[in-house]
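Presented below is the structure to which this report refers.
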Amino acid sequence: MAVVEVRELSKRFDGVAAVDGIDLASTDGEFLVLLGPSGCGKTTLLRMIGGLEPPTDGDILIGGRVVTNLPPRARQIAMVFQSYALYPHMTVYNNIAFPLKAAKLPKAEQTRRVAWAAGILGIEGFLDRKPRQLSGGQRQRVALARALVREPTVFLLDEPLSNLDAQRRASARDELQGFQRRVGTTTIYVTHDQVEAMGMGDRIAVMEQGRIRQVGTPHEIYDEPADTFVATFLGSPPMNLIPDAASGELLGFRPEHFIPWEAGMGNDWVRFPYHVHRTEYLGAERLLYGEVGEAKAVARFPANSDINTEIGSTTDYAVRRNDLKRFHPETGLRLDRPTNGRQP
Amino acid sequence: MTETARRLQEDDKTTRRQVGATLASPAVAMPGPNAPVWDDAANERERRQARIRQVATRGVLYVTATFFALFAALPFAWMILTVFKQNTDLYDPNRNPVLFNDPPTLGNITFLFERTEYATFARNTLVVAVLVVLVTLIGAVPAAYSLSRLAGRWGEGLGIAIFLVYLVPPTLLFIPLSRVVADLGLRNTWWAMVLVYPTFTIPFCTWLLMGFFKSIPRDIEEQAMIDGYSRLGAIWRTVLPVSVPGLLTVVVFSFALTMHEFVYALAFVTSSHQKTISIGVTTELIRGDVFFWQSLMAAAAIVAIPIALLYNLFLDRFIAGFTLGAVKG
Ligand SMILES: Nc1ncnc2c1ncn2[C@@H]1O[C@H](COP(=O)(O)OP(=O)(O)OP(=O)(O)O)[C@@H](O)[C@H]1O
Ligand SMILES: [Mg+2]
């Protein structure tokens, strides 16, 4: 187990920065999620930590040791690729034993460890099969077993669930997190799926265009976004952003905090005139689409709530003052938060 | 009752049992549109028709395949037939050419081994071919690997350029190459061929292997590096084992190219005991306008049969090798 840290880490491809001066440190045994839109540099960052991509600038530390220029094999890490990268010509057993062979462990020890890893992931039944004879979920577990078997200091996982169908993904998410909790190995997990990130991460690092926008617990990221990017990247539908004529700032609030104004709502509520022009019924919840002034705004209710706003009408809606976040209209940075959520 | 029919009936029973179970459960009250019809006669008729259609398709397939097999085998059969014929039988136009009118003889084969240096030719061919295969592998594997992993258009372009070299005809190239061979003091030895043949096997095989290596995901190699090997170690343990079909194709292909190469062999080697089969047989068994037909055929058959067997052994992988190279190259 170890802490992973990157300092001022950059990677440029043909002069274009894929990773742009990132500072980030995990804590020991943490499940750290890298979340961001496609092409923001998540994979590149992970590959640099794994030693597969030489950084253009900056340093990588694993367990306090600078490993920037060490080859992957000297880093004591395990990585699971999006494709699982199982060795197609080897049986499941040999796939899992592969890192042990590389470490020149005695045969008996290899057998013991493979049995142990296969047991944890429930794949003892098909150790003799070739990867192509396995389902997607089974392949994923073989890849995890192979990562686990040498008891690495760090797990690097690059969208390991993206090849699974939606149902299988939910249970795999559960298994993966349970598994990480059991072995307690520091894990860096890349995804562009916010549900995965929110559900699994101890902390989430939100990335955009090679930079980290915010690092924090799922609560912090969702409730106290550091800027408008984070605010609108998380949540579906995302946070509403309404320009405030008085201050010139952007006011942000979550759709679920946007409810009809009632007499008796006191001073801690802020009132907006809301023009609704469409409604969507999604089974568990209902969405209203409309505008506050010129800006689009969405309201969200449980499907069984008895809100009765007519389409085409303009009514007063309100947000609790505490749920209003203020952002700078140009930089998008959060104004009402002392730290701005950025890592030093 | 045939085996298939029995199995079909059994299947039918299982279906019925399952449908019964479904019907019993309250969740599904109505049989769907796909519910089986309990008309055994209609079922039987349908089954028989399907069976007839299947047999007909098979029949057409076999007839066509047989025709092409015979067509392809004909020259080979003719060759074998000729090997065992006596002169009088072969050259008399009034005799039935596909029958042995005189008793078959082994004389043509013994002539080959006793009166010519056929054994030496065969040995030279084998030695040259094995050495050429080795040189080709040593040259083409690293070249193809680095070219296929080169980023951008460069690798592709270079690969194609290398392949173009293969297309320059030996009838032109032997002129400059003869200087090289002479300067290296290899004139009139089979070492000249070991030197020269890789000039066409390596380009072709490099191009072939490039297609192969490109189809192998980088992930596997990188995973092997993460798992504790150096890049070379990773290539050795992942890329090479996975490209065995490609490597086999390269081996068989450069072997075959070497065996039937003629121009260079003719240009660089003159003394009998340095010759390979392709050139030795044609120069020693055609004397002026006298063709030793039976021995020529015997010489060809003796090398063709082992090669044919070898090809057959690896046929599946060989085809995989070529199609893969073709698609991804
Ligand atoms: N080998 C490379 N050569 C050139 N550009 C690259 C290379 N690898 C990545 N890039 C570029 O770097 C940027 C970041 O890529 P990266 O693969 O890290 O994104 P990502 O966040 O993992 O995206 P995704 O969610 O789609 O996997 C992209 O713009 C990509 O085009
Ligand atoms: Mg990626």
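Residue numbers (the working numbering), protein chains in the order written: chain A, 1 to 344; chain B, 345 to 673.
Glycine included, C-beta positions come from ideal geometry on N, C-alpha and C.
Remember, predicted model here, so these are calculated numbers, not experimental data.
Asked                                                                                                                                                                                       : Found
Would DSSP call leucine 553/B helix, strand or coil?                                                                                                                                        : helix
Taking contact to mean at least 3 C-beta pairs separated by less than 8 Å, is the segment 471 to 481 of chain B in contact with the segment 600 to 612 of chain B?                          : yes
Looking at the structure shown, is glutamate 346/A part of a helix, part of a strand, or coil, going by DSSP?                                                                               : A query on residue 346/A cannot be resolved here, the shown segment of chain A reaching from 1 to 344 and no further.
Which value, in whole angstroms, describes the spacing of the CA atoms of tyrosine 289/A and leucine 282/A?                                                                                 : 13 Å
At a CB distance below 7 Å, what residues from the segment 584 to 599 of chain B approach chain D? Give them in sequence order.                                                             : Absence of chain D from the displayed structure is noted, the protein chains being A and B.
Given 7 Å as the limit, tell me if glycine 499/B has its C-beta closer than that to any heavy atom belonging to ligand 1.                                                                   : no
Between aspartate 193/A and ligand 2, is there a pair consisting of the residue's CB and a ligand heavy atom that are separated by less than 7 Å?                                           : no
Tell me the rounded alpha-carbon separation between valine 114/A and glutamine 180/A.                                                                                                       : 18 Å
Can you name the start and end residues of the beta strand (DSSP E) that threonine 191/A belongs to?                                                                                        : 186 to 191
Anything in the segment 254 to 285 of chain A with a Cβ closer than 9 Å to a Cβ of chain B? List those residues in chain order, please.                                                     : none
Roughly how far, in whole angstroms, is the beta-carbon of asparagine 452/B from the beta-carbon of serine 639/B, given that I think they are within contact range, below 8 Å?              : 5 Å
Would you check whether ligand 1 has a heavy atom nearer than 7 Å to the C-beta of glycine 36/A?                                                                                            : yes
Looking at the secondary structure, which residues open and close the alpha helix (DSSP H) in which aspartate 23/A lies?                                                                    : Taken as a continuous stretch (DSSP letters only), aspartate 23/A belongs to no alpha helix (DSSP H), being part of the beta strand (DSSP E) at 16 to 25.
Enumerate in chain order the residues of its own chain whose CB-to-CB distance from phenylalanine 518/B is below 7 Å, with the five nearest sequence positions on each side excluded.       : Val607, Tyr608, Ala611
Can you give the Cα-Cα distance for leucine 470/B and threonine 480/B, rounded to whole angstroms?                                                                                          : 15 Å
Would you report the Cα separation of glutamine 140/A and arginine 169/A, rounded to the nearest angstrom?                                                                                  : 11 Å
Threshold first: 4 residues or longer. Then list the alpha helix (DSSP H) segments lying entirely within the segment 228 to 293 of chain A, N to C.                                         : 228 to 233
Exposed or buried, what is proline 375/B when buried is set at 16 or more other beta-carbons lying within 10 Å of its beta-carbon?                                                          : Its pLDDT being 45, under 50, proline 375/B is placed unreliably in this model, and the value from its coordinates should be taken loosely. The residue in question, proline 375/B, is exposed, as its Cβ has fewer than 16 Cβ neighbours within 10 Å.
Looking only at DSSP bridge pairs, what is proline 447/B linked to?                                                                                                                         : Answer by DSSP bridge pairing: none, since proline 447/B is not bridged.
Can you find a C-beta in chain A that's less than 8 Å from the C-beta of glutamate 566/B?                                                                                                   : yes
Just to be sure I understand the criterion: a residue counts if its Cβ is closer than 7 Å to at least one heavy atom of ligand 2. Which residues meet that?                                 : Lys42/A, Thr43/A, Gln82/A, Asp158/A, Glu159/A, Val190/A
Taking 7 Å as the cut-off, is the C-beta of glycine 39/A nearer than that to any heavy atom in ligand 1?                                                                                    : yes
From which residue to which residue does the alpha helix (DSSP H) around serine 622/B run?                                                                                                  : 621 to 628
Taking contact to mean 3 or more Cβ pairs, one atom from each stretch, closer than 8 Å, check whether the segment 551 to 558 of chain B and the segment 31 to 51 of chain A are in contact. : no
Work out the CA separation of arginine 47/A and glycine 58/A for me, nearest whole Å.                                                                                                       : 14 Å
When every heavy atom of ligand 1 is checked, does at least one fall within less than 7 Å of the C-beta of alanine 85/A?                                                                    : no
Within its chain, find whatever has a CB closer than 8 Å to the CB of proline 88/A; leave out the 5 residues flanking it on each side and keep chain order.                                 : Lys130, Pro131, Arg132
How long is the line joining the alpha carbons of leucine 164/A and glutamine 138/A, rounded to whole angstroms?                                                                            : 10 Å
Quick check: valine 230/A and glutamine 214/A, are their CB atoms within less than 8 Å of each other?                                                                                       : yes
Serine 574/B versus chain A: which residues are under 9 Å apart at the beta carbon?                                                                                                         : Pro71, Arg73
What is the C-beta distance between proline 99/A and glycine 572/B, in whole angstroms, given that I count them as a contact (C-beta under 8 Å)?                                            : 6 Å
Within 8 Å of any Cβ in chain A, is that where the Cβ of aspartate 571/B sits?                                                                                                              : yes
Taking threonine 314/A as part of the beta strand (DSSP E), name the residues at either end of that continuous run.                                                                         : 314 to 320
Where do the ends of the alpha helix (DSSP H) carrying alanine 421/B lie?                                                                                                                   : 384 to 427
So with CB distances below 9 Å, who are the chain B contacts of alanine 102/A?                                                                                                              : Ala568, Asp571, Gly572, Tyr573, Gly577, Arg581
With DSSP as the reference, identify every bridge partner of valine 6/A, one or two as the case may be.                                                                                     : Leu24/A, Ile60/A
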